[in-house]
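J.:
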Amino acid sequence: MKNSTWVKIKSYSSQKGIGLIEILIVTAIIGLSLASLAGLGNFALKIQHRTKQNTIASFLASEAIEATRAIKDGEWSDLTAFAPDTPLHPIKTPSFYLWTLSSGPETINGFTRQVVVSPVYRDGAFNITSSNGTLDDNTKKITATVSWSDNGQNQQITLVDYLMNWKP
């Protein structure tokens, strides 16, 4: 059996040490994995930033609607003191923490906020229409808009509410 024709195959697994090609492959895999994780982390930070901006803008718009509602509850004529569709912004007065409206938009930490009080028209069935119909002096359309710039792109959130003079 010593003269067998079996071909002996040299086993590479018995070699000692790691080859240069294997080191390069492992390094490439680790590098690609780290680059992917860094990209994913960057994407997550961008999403978190955008969510934070949208949340702040939503709160500012909600505050403007609620401030306008508080003004309406105090005195309905304060909502009608300005020309219709004029950009306004709410201001908290120092006395009794009351709100009032002032002309023009306001800027708060990079966000521009404005409130527009518009007349409301109704059709024969008392449904709100765009402009064809009878003017309803006891209802106002309140539009609160908050705009800001995010990485050079203009963003905007708009909330609309209708307020009624329930104690004419």
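For reference, each letter of the sequence shown is one residue, going 0 to 167 in numbering that gives the first Met the number 0.
All residues carry an ideal CB built from backbone N, CA and C; glycine is no exception.
On the criterion of 16 or more Cβ atoms from any shown chain inside 10 Å, does A124 qualify as buried, or is it exposed?
T.: Position 125 of the sequence shown, counting from 1, holds the residue named residue 124. Its Cβ having fewer than 16 others within 10 Å, A124 is exposed.
J.: What does DSSP give as the partner residue(s) for W147 in the beta ladder?
T.: Indexing the sequence shown from 1 puts residue 147 at position 148. DSSP output for W147 lists Q154 as bridge partner(s).
J.: The beta strand (DSSP E) spanning T111 covers which residue range?
T.: Numbered from its first residue, the sequence shown carries residue 111 at position 112. Counting along the chain, the beta strand (DSSP E) containing T111 begins and ends at F110 to R121.
J.: Is it right to say R49 is buried, meaning 16 or more other beta carbons lie within 10 angstroms of its own, or is it exposed?
T.: Residue 49 sits at position 50 when you count from the first residue of the sequence shown. With fewer than 16 Cβ atoms within 10 Å of its Cβ, R49 is classed as exposed.
J.: If you check the beta carbons only, do S117 and D160 fall under 8 angstroms apart?
T.: If you number the sequence shown from 1, residue 117 lands on position 118. If you number the sequence shown from 1, residue 160 lands on position 161. Their beta carbons are not under 8 angstroms apart, which means S117 does not touch D160 by this criterion.
J.: Nearest CA to the CA of S57: which residue from W165, M163, I156 and P86?
T.: Stepping through the sequence shown from its first residue, residue 57 is reached at position 58. The residue with the shortest Cα to Cα distance from S57 is I156.
J.: Quick one: Cα of Q47 to Cα of K140, how far?
T.: Sequence index remark: in the sequence shown, residue 47 carries index 48 (1-based). Sequence index remark: in the sequence shown, residue 140 carries index 141 (1-based). C-alpha separation (whole angstroms): 33 angstroms.
J.: Using a threshold of 8 angstroms, state whether the C-beta atoms of K107 and T99 are closer than that.
T.: Mapped onto the sequence shown, residue 107 falls at position 108. Mapped onto the sequence shown, residue 99 falls at position 100. This sequence places Ile at residue 107; Lys is not what is there. No; because the gap between Cβ atoms is not below 8 angstroms, this pair is not in contact.
J.: Express the C-alpha separation of L31 and I127 in angstroms, rounding to a whole number.
T.: Sequence index remark: in the sequence shown, residue 127 carries index 128 (1-based). Sequence index remark: in the sequence shown, residue 31 carries index 32 (1-based). Cα to Cα, I127 sits roughly 59 angstroms from L31.
J.: Just to confirm, is the Cβ distance from V114 to T54 under 8 angstroms?
T.: Taking the first residue of the sequence shown as position 1, residue 114 is located at position 115. Taking the first residue of the sequence shown as position 1, residue 54 is located at position 55. Contact flag unset, no.
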